[in-house]
Every structure is written in structure tokens, then in C-alpha cells.
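Student: Before anything else, here's the structure in question.
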Amino acid sequence: MRMYDIIAKKRDGGELSQEEIQFFIDGYTSGEIPDYQASAFAMALYFQGMNKEERAAITMAMAQSGDMIDLSEIEGTKVDKHSTGGVGDTTTLILAPLVASVGVPVAKMSGRGLGHTGGTIDKLESVPGFHVELTKEEFIQNVNERKVSVIGQSGNLTPADKKLYALRDVTATVNSIPLIASSIMSKKIAAGADAIVLDVKTGAGAFMKEESESIDLAKAMVEIGNSVGRKTKAVISDMSQPLGNAIGNALEVKEAIETLKGTGPEDLTKLSLTLGSQMVVLAGHAENLTDAWSLLEKSIENGDALKKFKEFLASQGGDASVVDEPTLLPQAKYQFEVLADTSGYIHEMVADEIGHAASMLGAGRLTKDSEIDLSVGVVLQKKVGDTIEKGEPLLTVHSNQEDIKEVENKLKENIKISPDPLIPPDLIRQIITE
Ligand code: URA
Ligand code: CA
1 MRMYDIIAKK RDGGELSQEE IQFFIDGYTS GEIPDYQASA FAMALYFQGM
51 NKEERAAITM AMAQSGDMID LSEIEGTKVD KHSTGGVGDT TTLILAPLVA
101 SVGVPVAKMS GRGLGHTGGT IDKLESVPGF HVELTKEEFI QNVNERKVSV
151 IGQSGNLTPA DKKLYALRDV TATVNSIPLI ASSIMSKKIA AGADAIVLDV
201 KTGAGAFMKE ESESIDLAKA MVEIGNSVGR KTKAVISDMS QPLGNAIGNA
251 LEVKEAIETL KGTGPEDLTK LSLTLGSQMV VLAGHAENLT DAWSLLEKSI
301 ENGDALKKFK EFLASQGGDA SVVDEPTLLP QAKYQFEVLA DTSGYIHEMV
351 ADEIGHAASM LGAGRLTKDS EIDLSVGVVL QKKVGDTIEK GEPLLTVHSN
401 QEDIKEVENK LKENIKISPD PLIPPDLIRQ IITE
């Protein structure tokens, strides 16, 4: 086989065999196929696309390019949740203990965040003592005993995707549905998921800004998952404004605690129950979504979900008393209220820009190695569709710097208030099941 012929075949719109795709992934991962041929190939894929079989083949070839995590020692169906990324998205912190509290095993491998705000691990590390450096044996034992554990990414997972994603990033070939879908799914499969629930965001703070693109991406991922034997469902959810009220690491932990107590923001609660119900059904712990939803609601009401969160934190060295005493979480030195300049209805709270404002305070990483400040961030007091009076607080900034003028300006520029009433955008846009 020659890479030249494979590039030419795809350039001319041909369909590649599983062997040809495997040849590319193996050769590119090992360094035998050079970047210039991989670049030409990525561009050919970008323009010609891939059919269902090709998408499944590249996903599995990338998944198998490095370590494949074996979770077979954990009893039950391991359902993973993946979000395409948003601002203030605290759902993993809520879902892990919530679905575990009704018996669904959660064996989560998570990453640190780059960009807007921290990732799940950064957020969890704002609980004093909490750590994710577990051996594989401890991880598996935790899940078998308590149904929930979160471990940091280690080992050599999907090296083919790492290399190809970096190449796509500099050759204008990121934005291709088959390439994005296979990239995300290869990582979930290598991490050992039996079934996958995807939260595909749409709107200003999302990777895909247009709803039609988000739907196409979700369909592509669901099709890949189901064709390689991993039951996969996707929820398309709104990310035009931040999710919940808190944006920032420790602030989001506090928000997760409130949500597990049943007093969290309405949108975050609803999305958590929507995703959680899908997970519970895929794991076979409820017959249908309605039953799953009531199971989860009951677990919040009777305190099981919160108890599970404490147990989970303590099992990984965390100080579980933060749950009853959230002031034990890192606290910023200053709190400033940002007030509305006019009265009216909130029309827009531009998610990605508000995320950037939180980053400017130190809540997000600007580069891979930068330190983040776990205590800082933004807490919204209003959401899109709400009314506000001039002089009423829009939000609170938690900061360790006294001068927040620049951040305040950025926030105000990205919150639009207008005299006309507005119906807020639907949170759950669509559920894709096949
Ligand atoms: N996220 C990924 O993991 N891969 C892509 O290709 C795009 C977004
Ligand atoms: Ca939030």
C-alpha cells in the first residue's frame, strides 16, 4: 500500500477500505507517514467527507492506536458522559454522584481545562485534599465499592488523535464533521465506555455555533457509537448563555452541591436530569426515561445524591465537610456586584465572552501550563429572559484583584438589556437516538 494512492483515491471521491484507513493511522502514528502527506489527506477528507463505514473505521483505528482502558473488572454497564464543552458547565460534578447514587457505575477519566474555565479535575481539586492520582486498581476498586471514581488522564491514550488533531489545527481542517466526530468518539472508546451519552452544545459558547451543525455532529457521533457496538445517545443543549449561574472552579463546586441538594439553578438541574436519565436507561437501571427521571429526583430529595457526593470526595482524599460548609472552598478576596445601567429584559448573555471574562480573572488557562485561580469567577444573578431594574445587580465578580474595570467592561459589553420582553431560548433542543 502507498499513502500516495490513498490520498489520490480520497481526493477523487473514492471510498476507502478499512485496511487503507488502518494503514494511514498506523503509519502516521509511528511517524512513517510524514506530516505533508497527512495534511494533504486531511484536506481530501475535509472536502470529500467519509461514509458511515469509513467513519467507524477511522474511529476504531484511532482508539486502538494507544492504550485501551479495560474496565471489564467493573460490574455493570459503564456509561460515559461527554460534553462538547461550554461555559459554566457543572454537569459532570452533579451527574457522577447522582447516577452513582442509584447504582450506575461511573468510572470517569477526566481532563484539565484549557480556555474559558477549568475542566472537571480543576473544579474537583478546589475541594481541599481531593486528588485524582489513583492507581488503576484503586480506581476499579472505588467504582466497585462506591460506584464512582474520577481519575486523571494518564498513559498513552489515542496518540493518533493527538497527532492528527494538532495537524488539523494548523492546516484549517478541524472543522469537518467526520473528523470531529471520530476524534471525540475514539477517546471515549479508548477510555473504556460501554455506552455513551453526549451533550452537544449549540450557540455562542459552543464549539458548533449553529444548531444545524450541532445536530449533524451529534448524528455523526451517535451513528459511529452504535455502529461500533457502543450504545450512544446525544442531547443537543443551549450554550448561547452560560449554564447555571456560576462560572469558575470553586464557585461551580458550590453550585453542584446546591444542585445535589435540590436548590440549584433551574437550567443546570434540568440538563443534569435529562443527561442522567439517559445514562440510567443505557445502564439498564430503569426501563424508560420517565422512571429514570423519578429515580434521580428521588435521590436528590431523600439526600442520597448528596451523601454519595460526600462519600466520593472522601474516598479520593477530599474534605467532605465542604458540602455542609462551602466557605471551606477557596474564597476570592473581593466580591463586586456589577449593576445594570438600564431597566428592561435581558436579551443576551454571550456565553463565550463571559467565559473569557472569568478567564481574565484567572479562572481559566491561557496556555497549557498556566496556573489557574480556583477561587475566582462570576456568579450571574439574572439569566436571559429575566427582567431587571436600573441599578439592580446583574452578577457578582469574585476576584483576587481589586481593579476589575476591564473585566467589568467586557461583561457589560456582552450582556444586552432591551425594553422588549423575550422568551428565553429552549435549553434542550433535541435528543438524537440514532
Ligand atoms: N474536540 C475534539 O476532541 N476533537 C475535535 O476534532 C474537535 C473538538
Ligand atoms: Ca455553572
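Taking the UniProt record's numbering, the leading residue of the sequence shown gets 1, the next gets one more, and so forth.
Each residue gets a CB set at the ideal place from its N, CA and C atoms; glycine is no exception.
So I423 is in the beta strand (DSSP E); what residue range does that whole segment cover?
Tutor: Looking at the DSSP string, I423 is not in any beta strand (DSSP E), and its letter there is neither H nor E.
Student: In this structure, does DSSP put S83 in helix, strand or coil?
Tutor: In the structure shown, S83 sits in a strand (DSSP, three-state: E or B).
Student: Kindly indicate which residue of T342, D89 and S154 has the alpha-carbon position closest to the one of G111.
Tutor: For G111, the nearest C-alpha among the options comes from S154.
Student: Between which two residues does the alpha helix (DSSP H) carrying T396 extend?
Tutor: No alpha helix (DSSP H) contains T396, which is instead part of the beta strand (DSSP E) from P393 to S399.
Student: Alpha carbons only, please: which of D369, L313 and E19 is nearest the one belonging to H131?
Tutor: Checked all of D369, L313 and E19; the closest Cα to H131 is L313.
Student: Is L268 near ligand 2, with its Cβ less than 7 Å from a heavy atom?
Tutor: Yes, ligand 2 has a heavy atom inside 7 Å of this Cβ.
Student: Alpha carbons only, please: which of T29, Q241, E255 and Q48 is nearest the one belonging to T158?
Tutor: Among T29, Q241, E255 and Q48, the Cα nearest to that of T158 belongs to T29.
Student: Using C-beta distances below 6 Å, list every residue in its chain close to A357, excluding the 5 sequence neighbours before and after it, in chain order.
Tutor: Same-chain partners within the cutoff: V407, K410 and L411.
Student: Mapping the DSSP letters down to three states, classify G377 as helix, strand or coil.
Tutor: DSSP places G377 in strand when its eight states are reduced to three.
Student: What does the alpha-carbon distance come out to for the pair E138 and G192?
Tutor: Going by the C-alpha atoms only, they are around 16 Å apart.
Student: If the criterion is Cβ atoms closer than 8 Å, does the pair T259 and L268 meet it?
Tutor: Yes, the pair counts as a contact, with Cβ atoms nearer than the cut-off.
Student: Would you mind giving the Cβ-Cβ distance between V235 and D291, rounded to the nearest angstrom? I have them listed as a contact below 8 Å.
Tutor: The Cβ separation is near 18 Å, so there is no contact.
Student: Under the criterion of a Cβ to heavy atom distance below 7 Å, does Y165 qualify as lining ligand 1?
Tutor: It does: the Cβ of Y165 is within 7 Å (strictly closer) of some heavy atom of ligand 1.
Student: Which same chain residues, not among the five before or five after E389, have their C-beta less than 8 Å away from its C-beta?
Tutor: The residues are A340 and S343.
Student: Tell me whether the beta-carbon of P128 lies closer than 8 Å to the beta-carbon of D386.
Tutor: No.
Student: Using 8 Å for Cβ pairs, my map puts M60 next to V228. What's the rounded Cβ distance?
Tutor: Right, their Cβ atoms sit about 6 Å apart.
Student: Please classify Y345 as buried or exposed, where buried requires at least 16 neighbouring CB atoms within 10 angstroms.
Tutor: Y345 is buried by the Cβ-count criterion.
Student: Taking 8 Å as the cut-off, decide whether the C-beta atoms of L93 and G276 are in contact.
Tutor: In this structure, G276 does not lie closer than 8 Å to L93 by Cβ.
Student: Do A195 and T77 have their CB atoms nearer than 8 Å?
Tutor: In this structure, T77 lies closer than 8 Å to A195 by Cβ.
Student: Which residues, in chain order, sit with a beta-carbon under 5 Å away from any heavy atom of ligand 1?
Tutor: In chain order, the qualifying residues are I180, S183 and I184.
Student: Do L243 and ligand 2 come close, with the Cβ less than 7 Å from some heavy atom?
Tutor: Result yes, Cβ under 7 Å from ligand 2.
Student: I'd like to confirm the pairing. Which residues does DSSP put opposite V235 in its beta bridges?
Tutor: V235 pairs with D199 and I431.
Student: Can you tell me the Cα-Cα spacing of S72 and L427, whole angstroms?
Tutor: Those two C-alpha atoms are separated by around 35 Å.
Student: To which residues of the same chain is S65 closer than 7 Å at the C-beta, ignoring the five residues directly before and after it?
Tutor: Once the five neighbours on either side are set aside, the close Cβ partners of S65 are I25, T29, T158, P159 and A160.
Student: Tell me I346's beta-bridge partners as DSSP assigns them.
Tutor: DSSP, once it has assigned bridges, lists I417 as partnering I346.
Student: With a cut-off of 8 Å, do at least 3 Cβ pairs link the stretch 33-42 to the stretch 2-10?
Tutor: With the cut-off at 8 Å, the stretch 33-42 and the stretch 2-10 touch.
Student: Taking all protein chains shown into account, decide if P421 is buried (16 or more other Cβ within 10 angstroms of its Cβ) or exposed.
Tutor: P421 should be labelled exposed.
Student: Distance, Cα to Cα, I211 vs Q430?
Tutor: Per the sequence shown, the amino acid found at residue 211 is Glu instead of Ile. If I take the Cα positions, the gap works out to 10 Å.
Student: Any idea if M1 is buried or exposed, counting beta-carbon neighbours within 10 angstroms, 16 or more meaning buried?
Tutor: The residue in question, M1, is exposed, as its Cβ has fewer than 16 Cβ neighbours within 10 Å.
Student: Give the C-beta separation of T84 and A206 to the nearest angstrom, bearing in mind that I take them to be a contact with Cβ-Cβ under 8 Å.
Tutor: Right, their Cβ atoms sit about 7 Å apart.
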